[in-house]
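Here is the structure we will look at, set down as structure tokens.
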Amino acid sequence: MDTSRRTFLATTGLAGLVPAGALPALRRRAADPFTLGVASGDPAPDGFVIWTRLAPRPLAADGHGGMGSADTDVEWQVAEDRAFARVVRSGRVRARHASAHSVHVEVTGLRPGAEYFYRFRAQGHLSPAGRSLTTPAPGAAPSMTFAAASCAYYEHGYFTAYRRMAEQHPDLIVHLGDYFYEDSAGDKPQAQPIIRRHVGGKCASLADYRLRHAQYKTDPDLQAAHAAAPWAVTWDDHEVENNWAGTTPGTKVPGFPARKKAAIRAYYEHMPLRASALRPNGELRLTRQVTWGDLAAFHILDTRQYRDDQPCEDGVRVGCDARLDARRVLLGAGQLRWLDAGLRGSRARWNVLAQQIFLAQRDHRLGPGAEMALDGWDGYTAERDRVLRGLAATRNPVVLTGDVHVAHANELRTDFDDPGSPRAGVELVATSISSDGDGYSDPVGGQLVRAENPHVTFIDQRRGYIFCRAAPDALRAEFRTVPYITRRGAPAATAATFTVPDGARTFDPR
Ligand code: FE
Ligand code: CA
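Position in the sequence shown counted from 1, then plus 1140, gives you my numbering.
Here is the structure:
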């Protein structure tokens, strides 16, 4: 028994439940249920959510992680120090079979702007400890750091970028979607080498989605990133199925309503979200704000659940007048109103939109004519115009984007075809953690893209993430890349750094 464990038992008064010292020779303790790590999220000035799930056999086919049908208790602790000498909150929560023995504790009563550590205990085992933070109180504006991540295809390689992100100890990790992929290499021809396999094929049942989440959560690099900082998550399409849109499936496979329902439930079960995210009508409410004192407001958007179907099918297309149709929605009326009100009412120096899909116009066709990706904002231009006008009236807007598996730094204007139109802000597009394999640095391709899209300032096709420092005078973004993911252990380096001075709405040219 190690010291930390003794401390936990002493401080929770549970020492009698597990014999101290050596266990009797013939008594066999249950297998370690903490194979999926721990996580925290949605920080507030007085607390955050802490999460774990009991799964002694994480890849059990029924999706229940080797747990029986009984509910069981889990103890939790929050301390001010890594050694858990100063425990400030603790309690007990029921891990229910109906929730795949996942637990979400909404910890309250903590001090604002402080670092904490948390852990769980169940079935005679102690979980790894995680680090989390409360946000500063309103009015405070200390500098902070955050990382942005997107698109982690397990089969395409290792999650080294998550590990390197954890090593930078950000105050917050923003996940922009494609946390996992619902399909498998066996389902379709793959352009990338398959480094490791998903268990099972395309997810359809609740058991399938739970099992896929569990498999991802067994990854030690992903566990390290969860344990390093609180996360604020939103999803893109693959958490449910490729290119789904509102009530419209992205594939021809029948049974989408049941898949979506199962995917939503499994996603909630595996993410550090508040219980209020699960609505009685079956909606998963991911639209929310995380504020960091008066320094930064993170406006977290859901660009899947409320949108109209993609116009002209889902691909990259020439033409397609439907994409310009003023009646078509992406955020939907309710979420758009929420965003407008949140931006107008924000006291924050930096207003960060956390969302999934490419906001800047992007012409994929080299030379005359234009070709647009219709699953992105280019497929919903009327609503994009509204969003851009709103950003142009907002203090220091910074849009975080995922989805395209290529890092970009974009200048946003209210009209991309008019370089004299008002500046709306900047867009930082995170490349993928692992989707599309090793990738490459592509200065020549980048120049070709920029010739068609002068507002694209930077492009890099390697894997990685974005690491940002927000301060009152400037926001600095480092595009971090790893040279390979098809082998373990790649180092990370900064491919480019962009600074946005306060009030500038553009990148500092120096
Ligand atoms: Fe993706
Ligand atoms: Ca063109």
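Glycine included, C-beta positions come from ideal geometry on N, C-alpha and C. Since we're looking at a predicted model, the values are computed, not measured.
Tell me which same chain residues have a C-beta within less than 6 Å of the C-beta of residue i, skipping the five on either side of it?
i     : result
P1537 : N1491, L1531 and G1565
A1162 : Bear in mind that the predicted position of A1162 carries a pLDDT of just 45, short of 50, making it unreliable; the figure below should be weighed with that in mind. Once the five neighbours on either side are set aside, A1162 has no close Cβ partner at all.
A1165 : Low confidence applies to A1165: its pLDDT is 48, below 50, so where it sits in the model is not reliable, and the reading given next is rough at best. Result list for A1165: empty, nothing under 6 Å.
A1735 : What is shown of the chain runs 1141 to 1650, which leaves residue 1735 out entirely.
T1285 : P1310, D1311 and R1609
L1250 : D1186, G1187 and T1274
Y1256 : V1218 and S1272
C1460 : P1451 and C1452
D1359 : F1299
G1203 : A1347, R1350 and L1351
A1617 : L1568, I1606, C1608 and F1638
I1335 : G1297 and T1626
A1306 : A1364, A1365 and A1368
With a Cβ-Cβ cutoff of 7 Å, do residue i and residue j count as a contact?
i     : j     : result
G1317 : W1375 : yes
D1172 : H1265 : yes
A1402 : Y1349 : yes
T1212 : A1238 : no
Q1450 : G1516 : no
L1176 : K1400 : no
Q1355 : V1339 : yes
A1437 : T1443 : no
R1628 : Y1319 : no
G1433 : A1280 : yes
H1595 : F1556 : yes
I1599 : V1589 : yes
R1193 : H1241 : yes
T1391 : E1381 : yes
V1469 : D1503 : no
A1611 : S1283 : yes
V1247 : H1315 : no
Y1446 : H1378 : no
H1100 : A1406 : There is no way to answer for residue 1100, as the model of the chain reaches only from 1141 to 1650.
V1456 : A1513 : yes
Could you check if residue i belongs to the surroundings of ligand 1, using beta carbon to heavy atom distance under 6 Å?
i     : result
C1343 : no
C1452 : no
S1124 : Lying outside 1141 to 1650, the shown extent of the chain, residue 1124 is not represented and no answer is given.
D1318 : yes
C1291 : yes
Quick check: is any heavy atom of ligand 4 less than 6 Å from the C-beta of residue i?
i     : result
A1532 : Looking at this structure, you won't find ligand 4 anywhere; what it does contain is ligand 1 and ligand 2.
Please work out which residues of its chain come closer than 7 Å, Cβ to Cβ, to residue i, disregarding the five sequence neighbours upstream and downstream, and give them in chain order.
i     : result
H1545 : C1291, T1571, S1572, S1575 and D1576
A1200 : G1206
Q1332 : H1296, D1576 and G1577
L1528 : L1552, T1554 and A1564
S1345 : A1402
R1487 : D1434
G1341 : S1324, G1326 and D1327
S1209 : H1237
Is the closest heavy atom of ligand 2 to the C-beta of residue i under 6 Å?
i     : result
D1465 : no
A1591 : no
D1503 : yes
A1131 : Outside the displayed span of the chain (1141 to 1650) sits residue 1131, for which this structure offers no information.
A1510 : yes
Using a Cβ-Cβ cut-off of 8 Å (strictly less than) and excluding sequence neighbours within five positions of residue i, which residues of its own chain qualify?
i     : result
G1231 : E1215, W1216 and V1245
R1602 : A1547, T1571, D1578, G1579, Y1580, S1581, T1621, V1622, P1623 and A1635
T1646 : E1551, R1563, V1566 and V1640
D1221 : F1257
P1268 : F1174, G1177, V1178, R1259, Q1363 and A1367
P1649 : none
Subject >> Complete beta strand (DSSP E) runs within the region 1486 to 1514 (minimum length 3 residues, chain order) >> reply: Here the runs fully enclosed are 1490 to 1494 and 1511 to 1513.
Subject >> 3-residue-minimum beta strand (DSSP E) runs that sit fully inside the region 1258 to 1315, ordered along the chain >> reply: Within the region 1258 to 1315, the complete beta strand (DSSP E) segments at least 3 residues long are 1270 to 1273, 1284 to 1289 and 1312 to 1315, listed from N- to C-terminus.
Original post:
Hey, which unbroken runs of the alpha helix (DSSP H) at 4 residues or more fall wholly within the region 1408 to 1496?
Top reply: As far as the region 1408 to 1496 is concerned, its whole alpha helix (DSSP H) runs of at least 4 residues are 1473 to 1485.
Original post:
What are the start and end residues of each continuous beta strand (DSSP E) run of 3 or more residues lying completely inside the region 1308 to 1387, in chain order?
Top reply: The region 1308 to 1387 contains these whole beta strand (DSSP E) runs: 1312 to 1315 and 1371 to 1373.
**OP:** At 3 residues or longer, and completely inside the region 1534 to 1611: list those beta strand (DSSP E) runs for me, N to C.
**Re:** Here the runs fully enclosed are 1537 to 1541, 1547 to 1553, 1563 to 1569, 1596 to 1600 and 1603 to 1610.
Original post:
Which ranges does the beta strand (DSSP E) cover as unbroken runs of at least 3 residues, wholly within the region 1196 to 1247, from first to last along the chain?
Top reply: Restricting attention to beta strand (DSSP E) runs no shorter than 3 residues, the region 1196 to 1247 encloses them at 1212 to 1219, 1227 to 1235 and 1242 to 1247, ordered along the chain.
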